[in-house]
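Engineer: Residue numbers (our numbering): 403 to 603. By construction, the Cβ of each residue, glycine as well, lies at the ideal position given by its N, Cα and C atoms. As the structure is a prediction and not an experimental result, all values here were calculated from the model.
1) To the nearest angstrom, report how far apart residue 451 and residue 597 are at their CA atoms.
2) Excluding five sequence neighbours on each side, which residues of the same chain lie with their C-beta closer than 8 Å to the C-beta of residue 565?
3) Does the contact criterion of 3 or more C-beta pairs under 8 Å hold for the region 411-418 versus the region 461-477?
4) Who are the near neighbours of residue 476 in its chain, counting only those whose CB is closer than 6 Å to its CB and skipping five residues on each side?
5) Just tell me which of 506, 571 and 523 has its CA closest to the CA of residue 512.
6) Which of the three DSSP states is assigned to residue 486 in this structure?
7) Report the option in 563, 423, 601 and 589 whose CA atom is closest to the CA atom of residue 500.
8) Is the CB-CB distance between residue 533 and residue 524 below 8 Å?
9) Using a Cβ-Cβ cut-off of 8 Å (strictly less than) and excluding sequence neighbours within five positions of residue 506, which residues of its own chain qualify?
10) Who does residue 457 pair with in a DSSP beta bridge?
11) Straight-line CA distance for residue 586 to residue 405?
Next comes the structure, spelled out in structure tokens:
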């Protein structure tokens with residue numbers, strides 16, 4: 403029930419932020435709120451980060467992130483969207499990025515922090531292309547040798563559409579959590595009835 407309440411709050415915050423006007427953000431302003439609509443201006447850098455193990459309809463692929471420099475040595479990661487992985491896992495799919503683009507619009511997203519740090523952060527490195535296992539901003543800062551802000555700009559669907567953008571807020575809906583809770587309550591009730599019946603007997 404607690405998880406269902408958490409998921410409902412996430413969806414409520416997202417919808418509330420989507421009703422707000424687009425915020426012009428720069429490095430002199432406070433960090434944007436989670437799910438805020440943001441317009442970002444900056445210069446795209448040549449590095450590409452391929453976030454591994456991202457699925458779309460049971461097909462494995464990557465979320466492709468590019469660093470956008472908003473101030474000298476300070477970057478925001480822009481999530482361009484999802485692309486399917488190649489059959490050869492030792493090769494990364496090519497993505498066309500407009501190096502002249504300076505305006506980026508989307509939604510601010512703060513990745514969940516994980517206390518686990520298993521295995522290598524970068525498991526494939528080809529020139530300026532990096533395949534990463536998780537989105538850890540401290541590790542990304544070390545790879546890029548730049549200060550990386552703790553949020554990601556998820557591009558809106560009306561931006562250039564080479565990659566697929568169907569952002570998922572939550573993996574499990576509040577309704578499913580309620581259904582799980584109901585199952586556990588029913589099992590507990592059945593066990594209680596059995597115990598009560600044996601006591602009476």
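Structural biologist: The structure says:
1) 56 Å
2) 466, 482, 483, 484, 485 and 497
3) no
4) 429 and 549
5) 571
6) strand
7) 563
8) yes
9) 441, 442, 443, 444, 470, 480, 555, 557 and 561
10) 462
11) 14 Å
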